[in-house]
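Going by numbering that gives the first Met the number 0, 31 is the number at position 32 of the sequence shown; the sequence numbering is gapless.
Encoded as structure tokens, the structure appears first; notes follow it.
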Amino acid sequence: MSSQKVISRDLLDKPKDCYCQSGKAAEDCCLPILEGRIQASSPEALMRSRYTAFCLENIEYLQQTTDPAKQESFDLELNKSWASKAEFTGLEILASEEMADTGRVEFKASFDFDGESRTHHEDSVFKRIGGRWYFHSGEVFEEDS
Ligand SMILES: [Zn+2]
């Protein structure tokens, strides 16, 4: 039972691990970014917070952190319905770089969908606009699993 896990965590007074599997507590990782208390300090931090937003089905956050020029074409309802059916199971950052106002993060996100384990492998481009990082575009790799 999953409730038992929560109880033992509380007993140990251990902060909840972040959804993005950074090894840090959510409060020291994605949560303050998602709640708008702090800005993502790097493309990778933004990418991690977007993964966590998917886990929490906070699709508005995904729209808000998409390049402002592309926000209008972001399909909120489609992404919501997709996220409600997917259960995210892991994130692996394969590469991450930042050069001036452009960043790149290659990652693999694992999730269960329709009872099947799948992996989303993407190379994402991020842009810093007005001091904030935004998701700009992504190239998705085909998985042969
Ligand atoms: Zn995190």
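C-beta: ideal position from N, C-alpha, C; glycine also.
Quantities reported herein were computed from a predicted structural model and do not represent experimental measurements.
Item: On the three-state DSSP scale, how would you describe TYR18?; Value: coil
Item: Short of 6 Å in beta carbon distance, which residues of its chain neighbour ARG47, apart from the five on each side in sequence? Order them along the chain.; Value: CYS19, CYS29
Item: Quick one: is SER123 buried, meaning 16 or more other Cβ sit within 10 Å of its Cβ, or exposed?; Value: buried
Item: Taking the CB atoms as reference points, tell me whether GLU121 and GLU105 lie closer together than 9 Å.; Value: yes
Item: Here's a check: name, in chain order, each residue in its chain whose Cβ is nearer than 8 Å to the Cβ of THR88, leaving out the five neighbours to either side.; Value: SER109, PHE110, ASP111, SER116
Item: Are THR51 and ALA85 touching if we call contact CB-CB under 9 Å?; Value: no
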